[in-house]
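Quick note, this note's numbering runs 1097 ahead of the 1-based positions in the sequence shown.
All C-beta atoms in this analysis are idealised placements derived from N, C-alpha and C, irrespective of residue type, glycine included.
Please read these numbers as outputs of a predicted model, since none were measured by experiment.
Structure, as structure tokens:
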Amino acid sequence: MNVNPILEEILIKRSQQKKRTSPLNYKERLFVLTESMLTYYEGRAEKKYRKGSVDIAKIKCVEIVKNDGAIIPCQNKYPFQIVYDANTLYIFAPSAHSRDQWVRNLKEEIKKNSNIMVKYHPKFWTEGIYQCCRQTEKLAPGCEKYNLFENSIRKSPSPIPDKNKRRPPPPVPPAEEDEDEDEEIVVAMYDFQPTESHDLRLERGEEYTIIEKNDIHWWKARDKYGSTGYIPSNYVTGKKSNNLDQYEWYCRNLNRSKAEQLLRDEDKEGGFVVRDSSQPGLYTVSLYTKYGGEGSSGIRHYHIKETMTSPKQYYLAEKHLFNTIPEIIEYHKHNAAGLVTRLRYPVTPKKKPAPTTAGFSYEKWEINPSELTFMRELGSGLFGVVRLGKWRAQYKVAIKAIREGAMYEEDFIEEAKVMMKLTHPKLVQLYGVCTQQKPIYIVTEFMEHGCLLNYLRQKRGHFNKDTLLTMCQDVCEGMEYLERNSFIHRDLAARNCLVNESGVVKVSDFGMTRYVLDDQYTSSSGAKFPVKWCPPEVFNYSRFSSKSDVWSFGVLMWEVFTEGKMPFEKNTNYEVVTMVSQGQRLYRPKLATKNVYEVMVMCWHEVHFFFCPFFTPQKLSFVTTPNYQSKILIAFYSKATLLNHEVALRISPCIPSSRGTQRGESSVLVNQNRQGIPCIQALWKETWRKVWGGKNEQGS
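Put into structure tokens, the structure is as follows:
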């Protein structure tokens, strides 16, 4: 038997729900395909990490799953299915190329199987029903003819076995019970008060059992008393020793400078916080002492290091190894053991408000207008007036009343549908809609400081560079989420971002957003778009994509670092079209460092639409640095977008000039000379070197 792997890749599998009580979840697994077996592991391909396997001889069908644009609740968006025995295994690949490879190789391995299905189900089995034929019996016969290979001829009968051949090896013993049948235990990070009878109350720190995950935002759970109901999924975290979200001393999104400020403000001996390191996958302990030497206080940053052994162990001091990070923290709470002082006091940000939820309750999108209280007017836009209000006299909300005749009702419903599917800490959250009367309302999260553009202008001269960069990072994270979910904004600008009480910036105004499968939307003729924020392919061809959002993000960064100035303020739209088409770009703002301006210029490379149609994204590895610039680039550019921009850089006539920019210039002329352009990899290495240049912080 040949045990050499044919394919090996980290994919995402959906639980098979072999029992009625099994939870529906999605887990990353290392899949290994050999001639006789498809096996999946947790982390590494070793026996002790094996979670399940499928005998190749038992597979009856391998095929791509038709999804028809429905939301897939995991990061991999390319599903395929493996039908064997009485089970269907749904697997999600990171790209179309990856999926095609797996499907093609699996089909090649099963082509001699005698149990190949005649018909199969081309769509998912979800919520007790096949989405293709609406049959409610999981073992129901397929509804569409199955051809193992397209245009394949009818299979010939199996040959008579040769008596002289060696007997086949005995069957592999069945794998241990799939881990998906285990109950999933979570810990509440926030309190949650039910708003509907089908909700379940959450109490911070308590444990809950997940029953089902049919909705990405609302899970059905059971508490310790046996009560069941729906809970917001972003209010809980998995109860695992390596999941740090459940601990008060861990702050996920905290950089070095903010950690230092937090510890100084607290001013307590032994105050500490555990945060993500600038090196992906690693963590740093930031520790405050009043006796830092020479009578002054000081802050030390200690990397939590990992051993090279299997299984991994962790340590701050080499003589003291532990199996988990919480064990390290617990030990050093009582023993300094090489640290400047022991970890005495966990410090957390003063305000850690509960995140917004996708709607006020599970499947509650239509809001009764009688539950709304209208207060003061917040502003007005193209489609209507926005007012501050309250829902059920309890929750502050923003209520947009759509002016009659301002848009078609169908357009408004489409906008609402788009927003309902999106939830992220850096997007303004939609809570619900009122469509049963006129005017119709859209109810969203209330943002205390209003639009980013006005906020920048009102506080002009009071921002430091770190604050401005953090604003850009906030928008960047929201836009990365949109791109990851195949949404394009089409109107990204400072006026369409809002600022909350804590100074967090969130992306808003999805009035022009559309859901697209091919990441490209050609606007209908006569559609309005903001010229000064648009790349050439928009005002020349009316073609919007995530790449046009990248361009707009660069202009938004420029708005932020000019503290609210109008781009090309002295030029008309017609002049801007001509200037940008000729290679001119916005000047470097006074508050923007060279590295920050490099990021803006990278966003303004022209994109040409004659890429090779078979261009396949590949893996990129990044050298991480502790400055914000690298985080912005990594967060905003998905791998696919990065690679498309690599191609664009090579074929575009617009390459950034090395010529310096004088303050006060209205634009920068881009060098048109394409002579001596290096290969793609060399070009990007040089680009990364320029953007990430500078001295690394130690112990970040």
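* Based on Cα-Cα distance, which residue from Ile1396, Lys1416 and Arg1397 lies nearest to Val1403? -> Taking the first residue of the sequence shown as 1, we reach residue 1403 at position 306. Per the sequence presented here, residue 1403 reads as Glu, with Val not at that position. Comparing alpha carbon positions, the residue from Ile1396, Lys1416 and Arg1397 closest to Glu1403 is Lys1416.
* Per DSSP, Asn1184 is paired with what? -> Taking the sequence shown and counting its residues from 1, the one referred to as residue 1184 is at position 87. Asn1184 is bridged to Tyr1181.
* the stretch 1328-1337 in contact with the stretch 1478-1497 per 3-pair CB rule at 8 angstroms -> no
* To do: Can you say whether Ala1811 is buried or exposed, counting buried as having 16 or more other CB atoms within 10 angstroms of its CB?
  => With the chain running from 1098 to 1797 in the structure shown, residue 1811 is simply not present.
* Same chain only: Cβ atoms within 6 angstroms of Leu1135, ignoring 5 sequence neighbours per side -> The residue you call residue 1135 lines up with position 38 of the sequence shown. Once the five neighbours on either side are set aside, the close Cβ partners of Leu1135 are Val1151.
* Where Phe1641 falls: helix, strand or coil (DSSP) -> Here residue 1641 refers to the residue found at position 544 of the sequence shown. Looking at Phe1641 - three-state DSSP - the assignment turns out to be strand.
* **Helix, strand or coil at Met1472 according to DSSP, with G and I counted as helix** => Within the sequence shown, residue 1472 is the residue found at index 375, counting from 1. Strand at Met1472.
* In angstroms, rounded to a whole number, what distance separates the CA positions of Trp1346 and Gly1378? -> Taking the sequence shown and counting its residues from 1, the one referred to as residue 1346 is at position 249. Taking the sequence shown and counting its residues from 1, the one referred to as residue 1378 is at position 281. Cα to Cα, Trp1346 sits roughly 17 angstroms from Gly1378.
* Glu1366 and Thr1381 closer than 9 angstroms at C-beta -> Sequence index remark: in the sequence shown, residue 1366 carries index 269 (1-based). Sequence index remark: in the sequence shown, residue 1381 carries index 284 (1-based). Not a contact, by the Cβ cut-off of 9 angstroms.
* For Leu1351, does the count of other Cβ atoms within 10 angstroms reach 16, so buried, or fall short, so exposed? -> To locate residue 1351, count along the sequence shown from 1; it is residue 254. By the neighbour-count rule (16 or more Cβ atoms within 10 Å), Leu1351 is buried.
* Simplified DSSP state of Gln1290, which is helix, strand or coil -> If you number the sequence shown from 1, residue 1290 lands on position 193. DSSP places Gln1290 in coil when its eight states are reduced to three.
* **Rounded C-alpha distance that separates Glu1363 from Trp1488** => As a working note, residue 1363 is residue 266 in the sequence shown. As a working note, residue 1488 is residue 391 in the sequence shown. Cα to Cα, Glu1363 sits roughly 36 angstroms from Trp1488.
* Asked: Identify the residues that DSSP records as bridge partners of Phe1419: which are they?
  -> By one-based count along the sequence shown, residue 1419 stands at place 322. Answer by DSSP bridge pairing, in chain order: Tyr1411.
* **Segment contact, 8 angstroms Cβ cut-off, at least three pairs: the stretch 1431-1440 with the stretch 1293-1311** => no
* Residue span of the beta strand (DSSP E) that contains Ser1150, given as start and end -> Counting from one through the sequence shown, the residue named residue 1150 turns up at place 53. Residues Arg1147 to Asp1152.
* To do: With a 10 Å radius around its C-beta and 16 neighbouring C-beta atoms as the bar for buried, classify Thr1659 as buried or exposed.
  => Working through the sequence shown from its first residue, we reach residue 1659 at position 562. Result: buried.
* Under 8 angstroms Cβ to Cβ from Leu1469, same chain only, skipping five residues before and after it: list those, please. => Counting from 1 along the sequence shown, the entry for residue 1469 is found at position 372. Counting only Cβ-Cβ distances below 8 angstroms, and skipping sequence neighbours, we find Gly1486, Lys1487, Trp1488, Val1494, Ile1496, Cys1531, Tyr1538 and Val1540.
* When DSSP labels each residue in this structure, what does Lys1667 get in the three-state scheme? -> In the sequence shown, the residue the question calls residue 1667 occupies position 570. Here Lys1667 sits in coil by DSSP.
* To do: Quick one: residues in its chain with C-beta nearer than 6 angstroms to the C-beta of Leu1549, no 5 flanking neighbours on either side, listed in chain order?
  => Start at 1 with the first residue of the sequence shown, and residue 1549 comes out as number 452. Residues Ala1591, Cys1594, Val1596 and Val1602 of the same chain have their beta carbon placed closer than 6 angstroms to that of Leu1549, with the five preceding and five following residues left out of the count.
* Flag this pair as touching only if the stretch 1148-1165 and the stretch 1195-1206 have three or more C-beta atom pairs under 8 angstroms; answer yes or no. => yes
* Asked: Just curious, the beta strand (DSSP E) that Ala1142 is in, first and last residue?
  -> Counted from its first residue, the sequence shown places residue 1142 at position 45. Segment: none, Ala1142 is in no beta strand (DSSP E) and carries neither H nor E.
* To do: List the DSSP bridge partners of Tyr1388.
  => The sequence position of residue 1388 within the sequence shown is 291, counting from 1. In the DSSP output, where bridge partners are listed per residue, Tyr1388 has none listed.
* Asked: Just how far apart, CA to CA, sit Arg1397 and Cys1569?
  -> Here the question's residue 1397 lines up with position 300 in the sequence shown. Here the question's residue 1569 lines up with position 472 in the sequence shown. Distance between the alpha carbons of Arg1397 and Cys1569 is about 28 angstroms.
* **Runs of beta strand (DSSP E) wholly within the stretch 1321-1379 (minimum 3 residues, chain order)** => Within the stretch 1321-1379, the runs of beta strand (DSSP E) that reach at least 3 residues and sit entirely inside it are, in chain order, 1325-1329, 1333-1335 and 1368-1373.
* **Beta-ladder partner(s) of Gln1534, from DSSP** => Numbered from its first residue, the sequence shown carries residue 1534 at position 437. For Gln1534, which the question treats as bridged, DSSP gives no partner whatsoever.
* To do: Could you spell out where the beta strand (DSSP E) holding His1400 opens and where it closes?
  => Against the sequence shown, residue 1400 aligns to sequence position 303. Taken as a continuous stretch (DSSP letters only), the beta strand (DSSP E) holding His1400 covers Gly1395 to Glu1403.
* Unbroken alpha helix (DSSP H) runs of length 4 or more, entirely within the stretch 1524-1588: which are they? -> For the stretch 1524-1588, whole alpha helix (DSSP H) runs of length 4 or above, ordered along the chain, are 1549-1555 and 1562-1581.
* Asked: Where Val1284 and Glu1300 are concerned, what is the direct C-alpha to C-alpha distance, given to the nearest angstrom?
  -> Here residue 1284 is taken as the residue at index 187 of the sequence shown, counted from 1. Here residue 1300 is taken as the residue at index 203 of the sequence shown, counted from 1. Their backbone Cα atoms lie some 9 angstroms apart in a straight line.
* How do the stretch 1658-1673 and the stretch 1554-1568 stand: do at least 3 beta-carbon pairs fall below 8 angstroms, yes or no? -> Verdict: yes, contact present.
* Member of Val1693, Tyr1123 and Ser1375 whose CA lies at the smallest distance from the CA of Ile1313 -> On the sequence shown, position 216 is the one that residue 1313 refers to. When each option's Cα is compared against that of Ile1313, the closest is Tyr1123.
* To do: Work out the CA separation of Ser1112 and Asn1184 for me, nearest whole Å.
  => Reading the sequence shown from its first residue, position 87 is the one you call residue 1184. Reading the sequence shown from its first residue, position 15 is the one you call residue 1112. Approximately 11 angstroms, taken between the alpha carbons.
* Asked: For Glu1802, which of helix, strand or coil comes out of DSSP?
  -> One cannot answer for residue 1802 here, as it falls past the ends of the chain, which runs 1098 to 1797.
* Asked: Just the Cα atoms here: how many angstroms apart are Lys1644 and Glu1206?
  -> Translated into the one-based positions of the sequence shown, residue 1644 becomes position 547. Translated into the one-based positions of the sequence shown, residue 1206 becomes position 109. Computed Cα separation, rounded: 39 angstroms.
* Start-to-end residues for the alpha helix (DSSP H) that takes in Cys1700 -> Counting from 1 along the sequence shown, the entry for residue 1700 is found at position 603. Unbroken alpha helix (DSSP H) run through Cys1700: Lys1691 to Cys1700.
* Using alpha carbons as the reference points, say which of Ser1354, Leu1360 and Phe1369 lies closest to Ser1375. => Within the sequence shown, the letter at position 278 stands for residue 1375. Nearest C-alpha to Ser1375: Ser1354.
* Could you pull the start and end residues of the beta strand (DSSP E) that Leu1127 belongs to? => Against the sequence shown, residue 1127 aligns to sequence position 30. Per DSSP, Leu1127 belongs to the beta strand (DSSP E) from Tyr1123 to Leu1130.
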